[in-house]
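First residue of the sequence shown: 9, per the numbering used here; consecutive thereafter.
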Amino acid sequence: MQAGFPATVVGPAAAHGAVVVYGCRVGDHVVAGSPIALVWADAGSIDAPRAARLADAGMRIGFERTFEQDVSFGVRQLVDIALRAMSPALNDPYTAVQSIQHITVVLCAAVPQRPGPRLWCDGSGTARVLLPMPGLCRPRVWPVARSSAHEPRVIGALLTMLAETRRRSSGDADHAAIQREIDLLHADAQRAILQPADLAVVTENRQQFMSPHPRP
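The structure is reproduced here in structure tokens:
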């Protein structure tokens, strides 16, 4: 799915008394013939061709991912750069840290947008379109954490990324979720870092980021 245009579906869906719930997100791979949305009418039934037109109108399917709306595509490429940098053939923590810093900028910009499912309503307030949206941290950057848990500089960059993301998030649930990621990252570092002095630096950073207002 290259792009989604759910707002354009609200009017036609309201006119038919229908609700459209998409089952895929921008950036998801869609196999031909697979269901992409669930469509039903407020009262009675809606025929299959009309339901298909409603669903198709709210998305664009193409052969390759694009940067038009697919923020996770860019993040995925930065993650790939970091993974290659930390491969045994290269072992380049500096490039990995740079990639993580760029990811941090993207995530910090995305947090105020409240990633997650989005609901569009008609003029009367009736829900008409639901589109799932990608979340933030774990699925996209965790491969870097797994491959780089032995490298204090990379772990430090990941801890900073999580702390900056938490700084811009709101709500206890968001803070708790990000804190859990910080704890998991530290646990991986404890298992992988052999030099006690290096682990002590990582632990100190974690303690700093456990504060509600971590130091810059």
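Ideal placement from N, C-alpha and C gives every residue a C-beta, glycine not left out.
Item	Value
C-beta atoms of Ser178 and Met94 nearer than 7 Å	no
DSSP beta-bridge partners of Arg199	For Arg199, which the question treats as bridged, DSSP gives no partner whatsoever.
Beta-carbon contacts of Asp50 that lie in its chain and below 6 Å, excluding the five residues immediately before and after	Gly25
Other residues of its chain near Val114: CB distance less than 7 Å, five sequence neighbours each side excluded	Val79, Gly82, Val83
Arg214, enclosing beta strand (DSSP E) - first and last residue	That residue, Arg214, is in no beta strand (DSSP E); its alpha helix (DSSP H) goes 204-217.
Cβ of Ile54 within 7 Å of any chain B Cβ	Structure shown: chain B not included; a single protein chain is present.
Member of Met169, Trp128, Ala165 whose CA lies at the smallest distance from the CA of Ala118	Met169
Where Cys129 falls: helix, strand or coil (DSSP)	strand
Boundaries (first-last residue) of the alpha helix (DSSP H) holding Ala93	79-93
Secondary structure of Ala104, DSSP reduced to three states	helix
Proximity to Glu228 [Cα-Cα], best of Gln203, Glu189, Val152, Gln10	Since the displayed the chain opens at 9 and closes at 224, residue 228 lies outside it and no answer follows.
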